[in-house]
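A short write-up of the structure that comes next.
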Amino acid sequence: MRSSNPVFSREGSFTRDSGYAGFGNTAQAGSPYGNNPYAGTQYAQQPQGQAPMTDEQLYELYNGPSAGPGATGRMTLDDVLARTAMTLLTVVAGGAVAWFTLPFENFGFAVGASLVAMIVGLVVQFRQKISPGLVLAYAAFQGFALGGVTHFLNTLFQGIAVQAVLGTAAVFGATLYVYKSGRLRVSAKYARIGTAIGLGFSLLLLINCIAWGFGGGFNTWGGPLGVGIGLIGVALGAFYLTLDFNEIEQAIAGGARQEESWRAAFGLTFSLVWIYIEMLRLIASLRGDD
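Dropping the structure here:
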């Protein structure tokens, strides 16, 4: 499956160096246990060259507790939630630092932090082995950039920060409900079409941003154009979340290694940051006459 966002390609993110062949397989490719359903647990077969277990040992194993995620080293939903919470808290901390230290009209440091976050994010994505430190560094720089932008907008439109946070939470909750209810099926065609739209959307915004820097371009943060772009952006953010949910669900079912929960946290954080930015754009455009 391809990326769940238009900037970072997560194709094969969980399958690459994750210890299993694909989302649908429960046994590891090349595993010495083959199709043994107890592979990786305390019930796994004895290595060759060792004496077979006695009846008493087999009885104790059979009646003992099942091996949990800590023993098997496999990713669980709790792992994903814990890492995502840590990453989002880092975003909030970075935003608070920018909010209370930067002059509201100074975008220089915020733009610089945003560029650093993009570079670190690319490294996280294309690095074969996931690095928790880099994921948290991305969150810190991204949070710092968001803090500067949010402080500026909140000065113009009082309360926009709270409105954007609540809006982002509402989109996340609604998307999760629709996904878990089974009303939405994440297929390969669905992913391809949505990702293509997202790439086109991002490319147009990038071109407009460059043109704006040279005195041209359109104002995408106000008026009907800003409202339209904000609505499309929020919808795309919800689309990215559905791909995130699907990838996480399949990775857990496929037995991804526990450290891959950091990659899942990175993907969810990126999607939520995307939605938050587009929510800021949408609300600022709607409140442009305040």
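If you count the sequence shown from 1, position 4 lands on 1162 in the numbering used here, and the numbers rise without skipping. Beta carbons: idealized from backbone N, C-alpha and C, even for Gly.
Given a threshold of 16 other Cβ atoms within 10 Å of its Cβ, counted over all protein chains shown, does G1314 qualify as buried or as exposed?
According to the sequence provided, residue 1314 is Leu. The question's Gly does not apply to it. So L1314 ends up on the exposed side.
Considering only the beta carbon of each residue, do V1274 and F1299 sit closer than 9 Å?
Yes. Within cutoff.
Is it buried or exposed, E1418, if we count other Cβ atoms within 10 angstroms and call 16 or more buried?
Result: buried.
Among the candidates T1308, I1365, L1430, M1437, whose CA atom is the shortest distance from the CA of F1265?
Of the candidates T1308, I1365, L1430, M1437, the one whose C-alpha sits nearest the C-alpha of F1265 is T1308.
For A1442 and G1384, what's the separation of their Cα atoms in angstroms?
Going from the Cα of A1442 to the Cα of G1384 covers about 8 Å.
Just reading off the alpha helix (DSSP H) that A1411 is part of, what are its end residues?
Residues 1381-1412.
Among L1364, F1359, A1411, which residue has its Cα nearest to the Cα of G1386?
It is F1359 whose Cα lies nearest to the Cα of G1386.
Am I right that T1378 and L1363 are in contact with their C-beta atoms under 8 Å? What's the rounded C-beta distance?
Rounded, the Cβ-Cβ distance is 7 Å, consistent with contact.
Could you give the residue range of the alpha helix (DSSP H) that holds V1344?
It is not in any alpha helix (DSSP H) - V1344 carries neither H nor E in the DSSP assignment.
Compare the Cα-Cα distances from A1295 to each of F1376, G1375, T1353, L1246 and report the closest residue.
Nearest of F1376, G1375, T1353, L1246 to A1295, Cα basis: L1246.
Rounding to the nearest angstrom, what Cα-Cα distance links M1233 and R1241 in this structure?
Between M1233 and R1241, the C-alpha separation is close to 11 Å.
To the nearest angstrom, how far is the alpha carbon of G1373 from that of A1268?
Each residue's alpha carbon lies about 21 Å from the other.
DSSP puts R1415 in a beta bridge; with which residues?
BP columns for R1415 point to R1232.
Whose C-alpha, out of L1304, F1428, V1293, is nearest the C-alpha of G1252?
Closest option to G1252, Cα to Cα, is L1304.
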